[in-house]
Amino acid sequence: SATAQAGKTVAKAQADVNKLQGDLYKIHSRIHTQILAKPEWAAVVNAQKQAEQNLGAAKRAALVSVHNKDDYKNLATQRDQAHTAMIDAAAADPNSPEAQKAADTFVKDGFAIKQMEMAALKDDPNYDEASKQLEAVDAKMKDLDAQVDQALKDDTEHL
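If you're matching positions, the sequence shown starts at 3 in the working numbering and goes up one per residue.
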């Protein structure tokens, strides 16, 4: 039938498109890797890795600080208790007022915990500095994308 034939034609065209996209990805990856291998990019890649590590360390330090606060510990305990109560109440009657109250407490305390963590990160000067360093390196890495795009235009295999 005409519908079946059209379906086969569309499937073949989609397979062709998928193959071409895969080929383009391979070429893009090859050029990206070649450019990254250049000495001038080694320093940027190393700086990016270092900035990511610094940001992770600053984040961990800031979160350890907030996790050690009594307010945080109390909220975490209440949230965990609410979670247990929510499961227990839901097992008996998921629509019970106890299950709803526990669910509300669980969500409210979880949200308060997340806000405390976000505020700690926002107010931490080390985290802020590490974020700025990573943003600066990421901006340099965008130049790589421009070089890859230019190399793709100049690449005869790509044409």
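Beta carbons are placed, not taken as given, at the ideal position from N, Cα and C, and that holds for glycine.
*DSSP three-state assignment for Asp82, whether helix, strand or coil*: One-based indexing of the sequence shown puts residue 82 at position 80. It is helical.
*When DSSP labels each residue in this structure, what does Ser98 get in the three-state scheme?*
Counted from its first residue, the sequence shown places residue 98 at position 96. Correct three-state label for Ser98: coil.
*Kindly indicate the opening and closing residues of the alpha helix (DSSP H) around Ala15.*
The residue you call residue 15 lines up with position 13 of the sequence shown. Counting along the chain, the unbroken alpha helix (DSSP H) around Ala15 starts and ends at 4 to 38.
*Measure the alpha-carbon distance for His34 versus Val46 and round it to whole angstroms.*
Here residue 34 is taken as the residue at index 32 of the sequence shown, counted from 1. Here residue 46 is taken as the residue at index 44 of the sequence shown, counted from 1. Distance between the alpha carbons of His34 and Val46: 14 Å.
*Can you check whether the CB of Ala104 is closer than 7 Å to the CB of Ala84?*
Here residue 84 refers to the residue found at position 82 when the sequence shown is read from its first residue. Here residue 104 refers to the residue found at position 102 when the sequence shown is read from its first residue. It is a contact, given that the beta carbons lie within the stated cut-off.
*Of all the options Asn56, Gly112, Ala91, which has the alpha carbon lying nearest to the alpha carbon of Gln1?*
No answer is possible for residue 1: the residues shown for the chain start at 3 and end at 161.
*Compute the Euclidean distance between the alpha carbons of Pro99 and Lys134, then round it to the nearest angstrom.*
As a first step, residue 99 is located in the sequence shown; it is residue number 97 there, counting from the start. As a first step, residue 134 is located in the sequence shown; it is residue number 132 there, counting from the start. In a straight line, the C-alpha of Pro99 is about 47 Å away from that of Lys134.
_I need the DSSP call for Lys155, collapsed to helix, strand or coil._
By one-based count along the sequence shown, residue 155 stands at place 153. In this structure, Lys155 counts as helix in the three-state DSSP scheme.
*Backbone CA spacing between Leu26 and Lys71 [nearest angstrom]*: Residue 26 sits at position 24 when you count from the first residue of the sequence shown. Residue 71 sits at position 69 when you count from the first residue of the sequence shown. Those two C-alpha atoms are separated by around 52 Å.
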